[in-house]
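All remarks here apply to the structure that follows.
Protein chains: 2
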Amino acid sequence: MRRYAVLAPHRFASDAKTAHGVIRYASDRVVAVIDPEHAGKRVRDVVPYLESDAPIVATVAEALPFEPTALLIGTAPKGGALPPDWRAAVLEAIAARLEIVSGLHDILGYDAEFRAASNAAGTTIWDVRIPPQVPIFSGAAYRIAAPVLLTVGNDCAVGKMTAALEIVRAARKAGAAPLFVPTGQTGVMIAGWGASVDRVIADFAAGACEQLVLEAARRGGNPIVVEGQGSIDHPAYAGVSAALLFGCAPDALVLVCDPSREYLEDTTIRCMSYAEAIDVHERLLARVKPAPIVGIALNTRSLSTDDAHRAIERARSETGLPANDVVRFGAGEFYAAIAPALIKRAKPA
Amino acid sequence: MRRYAVLAPHRFASDAKTAHGVIRYASDRVVAVIDPEHAGKRVRDVVPYLESDAPIVATVAEALPFEPTALLIGTAPKGGALPPDWRAAVLEAIAARLEIVSGLHDILGYDAEFRAASNAAGTTIWDVRIPPQVPIFSGAAYRIAAPVLLTVGNDCAVGKMTAALEIVRAARKAGAAPLFVPTGQTGVMIAGWGASVDRVIADFAAGACEQLVLEAARRGGNPIVVEGQGSIDHPAYAGVSAALLFGCAPDALVLVCDPSREYLEDTTIRCMSYAEAIDVHERLLARVKPAPIVGIALNTRSLSTDDAHRAIERARSETGLPANDVVRFGAGEFYAAIAPALIKRAKPA
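Read top to bottom, the protein sequences are chains A and B.
Residues 53 to 401 in this note's numbering are what the first sequence spells out, letter by letter.
Residues 53 to 401 in this note's numbering are what the second sequence spells out, letter by letter.
Given below as structure tokens:
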């Protein structure tokens, strides 16, 4: 079990989805968050839904009294580079003999200065995003017996991992033996296994997805619930989304949407409507291996309670599908509603 | 200018699309092909459409009298590993002081034995597939002034690169200043620049495509004609196809089809019909940046002349689009028919 100090200076409130995911879902414990902007507060004062009393401090030195064993890089910036002004904090943590845990594309263990410091201190660097060596997609995933559920989104960063984790919790409560399949660095940190499929060489990305669902089948997951990535129409990330959509050979999809999101992240491209998203996903898969969208998980965090209920009602009436905010209102009812649709589907002959 | 000996033992006739592409299109010259199965013949005896008189020999030693300066690995096997029984030939070529040119995923320059041999012989290894460092997709491709044409396919290995090269030839003959944009290892070998986008880390694949079309714009290409990869519904390669479809920000697509192909390569999944392929591509792009399919390039190599004409006629009547086999019957008429549709298209506001 790790005890994490989470590094997220000036970003914890707004741009630290790695930190948030680990705080809410990992079995490892977060003992302090480093963000001078909110020093002196508790995590729940800044991000209430994380329900954590961990203290926020200004520096690595101030985190040390809480006895962390590891420093977690708490953000996943676009392009995955380490913000240059964070180097000093990482070196300070290494000097204090903390393990470094990073999900950045920048592999910290390949950095000469970090490696030398880590060797000198006798500590380790866990670069979560280093990809496994995998074969190309083979079709073996079509022969998995348990149903595979994949979360897909109407954009990046709408809560596909979170929805998958909440569905798994609800399925477990309902007596099933679900398994969460991590496909991104935060998911890997939370579950302790998996792979960042966006880091794999593009030609092997579908193969990496297939290996993950095969591993989940070996571990006895039923249903197998895969964390999605990106969005099938986001120009920067559609390739990764497509690799997941085909590589996992899903039997069912849950569409995750932020109803207040108008444009795809960092673009002026309008997000898909429910009807468009259902159509594009089901149409792409129809001839390869059909997988319907069986429910809609809404991320209503930016809405008032009344507006959230209205958005959920609208999603239900527009699509005829189960819809809910599985974080805000719990996933129990949602899981019960989608469970009958989590059945194994065959490839067309 | 290189003089290539092409290594393709027991595969030259059937499974050597790298060799075929370089023989037909590269400005570098192929002086001999190594394939004991056809030793004693000429290239045109085995693969007539390549129109080459280069001799086929049984061994590297027998190729040396034709004064090659480089050994080209002539296949692109799935997964990209060097067939183990080819190692000896590669070492023999290095000992004979030939440069090694390889498009395999296996990076030969990282192989200790090859590197030591190459250092000892004072020769070099060009691993064409080593990817460039690129930023993630930014949207800069939307601001390119010249129209961008992308070839897409109803499967892998149907001739997307070849169709792009023939369209470029025809456009040049017609007085335009077209530029071929290589996105795979054979294309890079032919054009001497470009990148294997399937080798890039998945998260950066769209960014790599964007950098290639930006480079083509800097080189003054008009139209810019991009070699496609895979197929948008091939489960193993859809991720790469999607990265190209969005990352190149195309203004128009040419659909490349082998009409005799019933199932996607190595699968039991039926290939898309013309209508399905047009629908899925245009629908995916519609809200991001519209790009119509403006013509259909058929690969009728496996058909008789009569059947080829019938297949072309069927494609025309089913779709109402220009259609032809641009290798077999020339690309001049086809280019003239699609040229009016090669116009710059705007993103939706």
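Idealized CB from N, CA, C, for every residue including glycine.
Predicted model only: the values in this text are computed from it and were never measured.
In the three-state DSSP reduction, C309/A falls in the strand class (E or B). Within the model, the alpha-carbon separation for R366/B versus C300/B is close to 30 Å. Three or more beta-carbon pairs separated by less than 8 Å link the segment 247-258 of chain B to the segment 180-190 of chain B, which places the two stretches in contact.
The closest CA to that of V98/A, considering only T371/A, D179/A, G347/A, H62/A, is found on H62/A. For G155/B, no CB of chain A lies under 8 Å from its own CB, so it is not counted at the interface with that chain. Among the CB atoms of chain B, none fall inside 8 Å of the CB of K93/A. Boundaries of the alpha helix (DSSP H) around D331/B: 326-338.
E144/B and S293/B have their C-alpha atoms spaced approximately 37 Å apart. I253/A and T175/B have their alpha carbons spaced roughly 28 Å apart. For G161/B, no CB of chain A lies under 8 Å from its own CB, so it is not counted at the interface with that chain.
The C-beta of S354/B has fewer than 16 other C-beta atoms within 10 Å across all chains shown, which makes the residue exposed.
T203/A is bridged by DSSP to V306/A. Residues of the same chain with a CB within less than 6 Å of the CB of D207/B, apart from the 5 flanking positions on each side, are S283, R313, L316, E317, C323 in chain order.
Runs of the alpha helix (DSSP H) spanning 4 or more residues and lying entirely within the segment 212-279 of chain B occur at 212-225, 237-243, 257-270, in chain order. One finds I284, D285, A290, V332, L336 in chain A with Cβ atoms closer than 9 Å to the Cβ of L336/B, taken in chain order. In the three-state scheme derived from DSSP, where H, G and I count as helix and E and B as strand, I159/A is classed as coil.
By the criterion of a C-beta distance shorter than 6 Å, I330/A is surrounded in its chain by I345, once the five residues flanking it on both sides are discounted. The beta-bridge partner set that DSSP reports for I345/B consists of L305/B.
By the neighbour-count definition (other C-beta atoms within 10 Å, threshold 16), S66/A is an exposed residue. Ranked by Cα distance from I219/B, the first of N274/B, A122/B, T371/B, G126/B is N274/B. Taking every protein chain shown into account, the CB of I182/A has fewer than 16 other CB atoms within 10 angstroms, so this residue is exposed.
Here the segment 69-89 of chain B makes contact with the segment 99-107 of chain B; the two share three or more CB pairs at distances below 8 Å. H157/A and G126/A do not touch by the CB rule: their CB atoms are close to 15 Å apart, not below 8 Å. Contiguous alpha helix (DSSP H) elements confined to the segment 77-132 of chain B occur at 95-98, 112-115, taking only those with 4 or more residues.
For the pair T238/B and V249/B, the CB atoms are not nearer than the 8 Å cut-off. Taking 8 Å as the Cβ-Cβ cut-off, the segment 205-236 of chain A has no residue approaching chain B. Per DSSP, reduced to three states, the secondary structure at E370/B is helical. When 7 Å is used as the limit between beta carbons, A294/B is near these residues of chain A: A290, G291, A294, in chain order. Contact of T319/B with chain A is assigned, a C-beta pair being separated by under 8 Å.
For E151/A, no alpha helix (DSSP H) segment is defined; the enclosing uninterrupted segment is the beta strand (DSSP E) at 151-154.
For F166/A, no chain B residue has a Cβ inside 7 Å of its Cβ, as the nearest lies near 19 Å away. Nearest in C-alpha terms to L394/A, of all of A198/A, V379/A, R251/A, is A198/A. Under the DSSP assignment, I146/A falls in the alpha helix (DSSP H) whose first and last residues are 139-147. Residues are counted here when their Cβ sits less than 9 Å from a Cβ of chain B; for the segment 245-258 of chain A these are S248, V249, D250, R251, V252, I253, A254, D255, F256, A257, A258, given in chain order. A check of alpha carbon separations from S325/B across T371/B, L116/B, T352/B, A228/B identifies T371/B as the nearest.
I390/A: member of the alpha helix (DSSP H) spanning 384-390, first to last residue.
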